[in-house]
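Under UniProt numbering, the letters of the sequence shown match residues 1 to 533, in that order.
Below is one structure, written out as structure tokens; the observations come after it.
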Amino acid sequence: MATGQNTEGDANPSQPALDRTLADFDPVKKPKRNKFAFACAILASMTSVLLGYDIGVMSGANIYIQDDLKISDLQVSLLVGTLNLYSLVGSAAAGRTSDRIGRRYTIVMAGAIFFLGSILMGFATNYAFLMVGRFVAGVGVGYALMIAPVYTAEVSPASSRGFLTSFPEVFINSGILLGYVSNYAFSKLPTNLGWRFMLGIGAIPSVFLALVVLGMPESPRWLVMQGRLGEARKVLDKTSDSKEESQQRLSDIKEAAGIPQDCNDDIVHVQKQSHGEGVWKELLIYPTPAVRHILICGIGIHFFQQASGIDAVVLYSPRIFEKAGITSSNDKLLATVAVGFTKTVFILVATFLLDRIGRRPLLLSSVGGMVLSLATLGFGLTMIDHSDEKLPWAVALSIAMVLAYVSFFSIGMGPITWVYSSEIFPLKLRAQGTSMGVAVNRVTSGVISTTFILLYKAITIGGSFFLFAGVAAVGWLFFYACLPETRGRTLEDMEVLFGSFFKWRSALKDEQRKEVSSAENGGQIQMGTKAQE
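Here it is in structure tokens:
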């Protein structure tokens, strides 16, 4: 009897033991990456190039804008940092917009708005005109930031969701690198033309993106919420690893959307959603313990991503390198290109590790490395500040730590923030929950980038990086205590992990014990039935 049970557990129970071949005992092969889902994720995520380009290009353009328009350090800080605050308007509107007109057309809208903002900035004749263009571009960035990870998470199969949902961060980094290269390329032009070309050229990719996105399918989850089951089924068949997974995903989405499982028509009547009014109550006023835990994790990861100083390093890297002892404008811009290149390389490495290693190990090791590199950078810059003569070792250490910091950030904290926050919210709350995370991300980034010059003048540049190291250390403790692992789970199965806050490990073990017990009971019942027969 025991031998029979072991054999049944090892292979396909529907086959008689003697008829099995060696192939039946082979490990299950991992499915190949779905090429259609891969293409959809790339096209949607390319909208993130817009934010990356703007961040990268402004790090160099602000030097030339200050020379040409004769503006103060405070005005430069406002110019650089307020885009993040303006993007709040876009990310706040994107949740409701994407629920009304669909994820795909929201991406098109993001590209169109950014195009207009880039044109306005490129033709700006004074500081006020430039700030108007900055506002419009910021709204477009807010739309793109919120919608790209949501669409990608909703279209991706569970087996490669981490890989595909990290694409927005890949393209943000690619955009930053393009912005740095643009700075270097146009720096040879007369000052009054150089910065205008740097900013205005950003209009070109936004047109291309808006047109390409029209060829993508709509999100299957949005289609189900509209009652368009036939179209959703077709999209799921194309974006799933197997026919069985497609059917399971459709069943899970129908359950989450409140559609009975026996409703299989191509078009079904769905009770019209309130486009956000009831959702905000469920999210903020009367959340369940699971939703409250999800919200804290989603907002917390976005806050710590920016509060650890990444935008200060990326936006002000020429000034940091100047403080470290690099005086030539050409050398400063080349050093920033090295920062952009390093970020892009390591984010590409991260995309392949997310679904293999998991979110938690990658995130914790990434943030630990960030703490170490920020503290060492603070030490190097402090030594340079307090020395009357040039210290080559401290200059080399500071440059190496800037590159180490962006490497550690890009291999975990950068992509996982977008992957994690887009996959943990329940379907009904996903658009609004993700937009709240993006809002916190942009506010924190806006505060850091707007106040960084004032901060390092107040507590020294070394002191400011010691401060960022302290914030990152608190972030590591928060992630260790509160964030459960989500690798391999379907989007509809996420809520099981949340609700017990610091005790999520014991809750997960209880859940696993129940599943094992249920499986064993099912096996015993089956064996008992066979014995009776």
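A virtual CB, placed ideally from N, CA and C, is assigned to each residue, including glycine.
Ala124 is classed as buried because its beta carbon has at least 16 other beta carbons within 10 Å across all chains shown. Inclusion of Gly90 and Gly56 in the CB contact set at 7 Å is not warranted, their separation being larger than that value. Secondary structure remark: continuous alpha helix (DSSP H) runs of at least 4 residues inside the segment 207-244, in chain order: 220-225, 229-239. Annotation for Gly230: Asp265, Asp266, Ile267 place their beta carbon closer than 8 Å to its own, counting only its chain and skipping 5 residues before and after. Secondary structure of Val270 (DSSP, three-state): coil.
In the DSSP assignment, Leu178 falls within the alpha helix (DSSP H) that extends over 167-186. By alpha-carbon distance to Ile65, the top candidate from Asn192, Val402, Phe341 is Asn192. Of all alpha-carbon atoms in Met109, Ser308, Met198, Val181, the one lying nearest the alpha-carbon of Ala335 is that of Val181. Out of Ser98, Glu244, Pro205, Tyr184, the CA that lies nearest to the CA of Leu333 is found in Tyr184.
For Asp73, the closest C-alpha among the options Ile459, Tyr480, Phe452 is that of Phe452.
Within its own chain, the residues whose Cβ lies closer than 7 Å to the Cβ of Leu189, once the five positions on either side in sequence are excluded, are Phe197, listed in chain order. Every alpha helix (DSSP H) of 4 residues or more that sits fully in the segment 418-499 is shown, in chain order, as 430-459, 461-482. When the Cα atoms are used, Pro260 and Ser251 turn out to be separated by approximately 9 Å. Cβ atoms of Phe167 and Thr152 come within 8 Å of each other, at about 6 Å.
Leu88 is classed as buried because its beta carbon has at least 16 other beta carbons within 10 Å across all chains shown.
Cβ-Cβ distances below 6 Å link Gly102 to Glu218, Trp222 in the same chain, with the five nearest sequence neighbours on each side left out; the list follows chain order.
Counting every other CB atom within 10 Å of its CB across the protein chains shown gives Phe321 a total of 16 or more, marking it as buried.
By alpha-carbon distance to Glu485, the top candidate from Ser449, Ala431, Glu423 is Glu423.
Here Asn126 carries a coil assignment [DSSP, helix/strand/coil]. For Asp67, the secondary structure class from DSSP, reduced to helix, strand or coil, is helix.
If you compare the alpha carbons of Val270, Ile204, His386 with that of Gly122, the shortest gap goes to Ile204.
For Gly412 against Ala350, the beta-carbon gap comes to about 6 Å, under 8 Å, which counts as contact. In this structure, Thr165 lies away from Val406, with their beta-carbon atoms at least 7 Å apart. When DSSP states are grouped into helix, strand and coil, Tyr53 belongs to the helix group. Met58 places its beta carbon less than 7 Å from that of Val80. Ile459 counts as exposed, since fewer than 16 other C-beta atoms from the protein chains shown sit within 10 angstroms of its C-beta.
Ser242 counts as exposed, since fewer than 16 other C-beta atoms from the protein chains shown sit within 10 angstroms of its C-beta. Here DSSP, grouped into helix, strand and coil, assigns Asp262 to coil. Remark: three or more beta-carbon pairs, one from each stretch, lie closer than 8 Å, so the segment 367-385 and the segment 461-473 are flagged as touching.
Taking all protein chains shown into account, Arg100 has fewer than 16 neighbouring C-beta atoms within 10 Å of its C-beta and is therefore exposed.
Distance between Ser159 and Ile357, taken at the CA atoms: about 13 Å. Exposed is the label assigned to Glu244, since fewer than 16 other Cβ atoms lie within 10 Å of its Cβ.
A direct Cα-Cα distance of roughly 44 Å separates Ala137 from Glu389. In this model, Trp280 and Ser421 are separated by some 17 Å (Cα to Cα).
In the structure shown, the three-state DSSP call for Pro392 is helix. Under a 10 Å Cβ-count criterion, Val395 is classified as buried, with 16 or more other Cβ atoms of the shown protein chains found around its own Cβ.
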